[in-house]
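By our numbering, the letter at position 140 of the sequence shown is numbered 1436, and the numbering carries on one by one without gaps.
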Amino acid sequence: MNDLVWGLDVHTEELRSLVLLNGYPAFMPADEEPCIASLKLNPWIVEGTNELRIRLGPARDGERLPVTASFKADVFRTPHGVERDDDSYLVRFEWNPDEHKLDKDGMTIVLSHLFEVPSHQAFGRWAWQDAIPFDPGQRVAIELLVGKCRQALVDRDPDALVALLSLQLAELGQALDVPPDLLEQKLREHLEPFFAADGWEVAPIDYGVVSLVPAADGRIVLVVGRQGMPVLHGIIATDDEQEEEPPPFLMELAVSNLDHCWTVVR
């Protein structure tokens, strides 16, 4: 059992920002709007050498940076339920425009940090670590997997969706020290009110605007919808214009090519 929490606290304003852990975009907001987030990094921690990178850039290429632009990030490690102390922090970074000049176009690496994780603090080897790197010629195979996930939502079939997400649930359970059965139960409970609603609708997927974003040296591929939104999107439609619409259903997908079979891994 490993009850360690590897976490990231981040606060950013008026900057494009990206935090990569072992090549995976652990923090990748869709826009430059002010954002405060706390995220668990456990699912991307590997045994041995881990690499953290932070990239920042202006909100729009060529645009002057506003004086209010800011970015802070803390990476920490602590046992679950234990209050952090100074020894908990691996990285405490605050962007200083005088020390870390940003290119006018694109994004600039402002931090690159390596840290070691011994076997007793890791979570075993993830399936994606042994995945076949992404080949753009595999796009259709990925689209077929995404289509199966969408069809399970359309059919209101939780069993089919759970089967497609079985590896994801198993590895997230391992990463978070939570029984996979409990994660499956929570997923089913989350799906239940959507599937039970008369107005349940799943948005069609416009594959022409879907982006496949390789991460972790191509061993993981993020499937990203329009404007960086999750590719799977459902709503409960209501007839009464005065009635407040329920929040939408959103599902992100990260997939890997495992033994020539595309699988949802995160």
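Beta carbons: idealized from backbone N, C-alpha and C, even for Gly.
Practice item. Below 6 Å CB to CB, which residues in the same chain sit around Pro1526 once its five sequence neighbours on both sides are set aside? Key: Counting only residues of its own chain and dropping the five nearest sequence neighbours on each side, Pro1526 has a CB closer than 6 Å to the CB of Leu1546, Met1547 and Glu1548.
Review point. Looking at Phe1323 and Leu1335, is the spacing between their C-beta atoms short of 8 Å?
Key: Yes, these two residues count as a Cβ contact at 8 Å.
Exercise for review: Please report how far the alpha carbon of Pro1339 lies from the alpha carbon of Gln1425, in whole angstroms.
Suggested key: C-alpha separation (whole angstroms): 12 Å.
Practice item. Could you tell me whether the Cβ atoms of Gly1344 and Glu1412 are closer together than 8 Å? Key: In contact: Gly1344 and Glu1412 (Cβ atoms closer than 8 Å).
Review point. How far does the beta strand (DSSP E) with Gly1353 in it reach, from first residue to last?
Key: Gly1344 to Gly1353 is the span of the beta strand (DSSP E), which, as asked, contains Gly1353.
Practice item. Reducing DSSP to helix, strand and coil, say where Gly1358 ends up. Key: Note: Gly1358 maps to coil in three-state DSSP.
Exercise for review: Please work out which residues of its chain come closer than 6 Å, Cβ to Cβ, to Leu1316, disregarding the five sequence neighbours upstream and downstream, and give them in chain order.
Suggested key: Taking Leu1316 as the centre and dropping the five residues before and after it, the same chain places the C-beta of Arg1349 closer than 6 Å to its C-beta, in chain order.
**Study point:** Residue from Leu1457, Glu1328, Gly1524 and Ile1531 with nearest C-alpha to Pro1489
**Key:** Taking only the C-alpha atoms, the option nearest Pro1489 is Ile1531.
Check your understanding: Identify the residues that DSSP records as bridge partners of Trp1302: which are they?
Key -> For Trp1302, which the question treats as bridged, DSSP gives the partners Arg1373.
Exercise for review: State the Cα-Cα distance for the pair Arg1351 and Glu1328, rounded to the nearest angstrom.
Suggested key: Their Cα atoms are separated by approximately 13 Å.
Review point. Does the separation of the CB atoms of Val1551 and Val1519 fall below 8 Å?
Key: Yes, the Cβ-Cβ distance between Val1551 and Val1519 is below 8 Å.
Exercise for review: Report back the beta-carbon spacing between Leu1463 and Val1371 to the nearest angstrom; my notes put them in contact at under 8 Å.
Suggested key: Not confirmed; about 26 Å, so no contact.
Practice item. Give the DSSP-derived three-state secondary structure of Val1315 in the structure shown. Key: The answer is strand: DSSP assigns Val1315 an E or B state.
Point to revise | For Ile1531, the residue or residues it bridges with in DSSP | key: Bridge pairing for Ile1531: Glu1497 [DSSP].
Check your understanding: Regarding Thr1534 and the ligand NAD, is the C-beta to nearest heavy atom distance less than 7 Å?
Key -> The model depicted lacks the ligand NAD and carries no ligand whatsoever.
Review point. Of the residues Lys1400, Val1342 and Lys1444, which one's Cα is nearest the Cα of Arg1356?
Key: Minimum Cα distance to Arg1356 is reached at Lys1400.
Check your understanding: Beta carbon of Ile1428, beta carbon of His1556: below 8 Å?
Key -> Going by C-beta atoms, Ile1428 is nearer than 8 Å to His1556.
Check your understanding: By Cβ distance below 7 Å, which residues in the same chain neighbour Leu1461 in space, the five residues on each side in sequence not counted?
Key -> The beta carbon of Leu1461 is closer than 7 Å to those of Val1560 in its chain, skipping five residues each way along the sequence.
Check your understanding: Among Pro1500, Gln1470 and Arg1452, which residue has its Cα nearest to the Cα of Ala1492?
Key -> Selected option, being the one with the closest Cα: Arg1452.
Practice item. Could you tell me which residues DSSP pairs with Glu1295 in its beta bridges? Key: A query on residue 1295 cannot be resolved here, the shown segment of the chain reaching from 1297 to 1562 and no further.
Review point. Which stretch, first to last residue, makes up the beta strand (DSSP E) that contains Phe1389?
Key: Segment Tyr1385 to Glu1390, the beta strand (DSSP E) holding Phe1389.
Check your understanding: Name the DSSP bridge partner or partners of Tyr1503?
Key -> Bridge partners of Tyr1503: none, in fact.
Check your understanding: Considering Ile1438, what are the terminal residues of the beta strand (DSSP E) in which it resides?
Key -> That residue, Ile1438, is in no beta strand (DSSP E); its alpha helix (DSSP H) goes Arg1435 to Val1450.
Check your understanding: What are the residues that DSSP puts in a beta bridge with Glu1309?
Key -> Beta-bridge pairing links Glu1309 to Ser1366.
Point to revise | Continuous beta strand (DSSP E) stretch holding Phe1545: start and end | key: Per DSSP, the unbroken beta strand (DSSP E) holding Phe1545 starts and ends at Phe1545 to Met1547.
Point to revise | Paired residues, beta bridge with Trp1558 - DSSP | key: Partner(s): Asn1553.
Check your understanding: Thinking just about the alpha-carbon of each residue, which of Pro1510, Ala1466, Pro1362 and Val1505 is nearest to the one in Gly1524?
Key -> Restricting attention to Pro1510, Ala1466, Pro1362 and Val1505, the CA atom closest to the CA of Gly1524 is found in Val1505.
Practice item. Go to Phe1323, then tell me how far its alpha helix (DSSP H) extends in each direction, as first and last residue. Key: Segment Tyr1320 to Phe1323 is the beta strand (DSSP E) holding Phe1323; no alpha helix (DSSP H) there.
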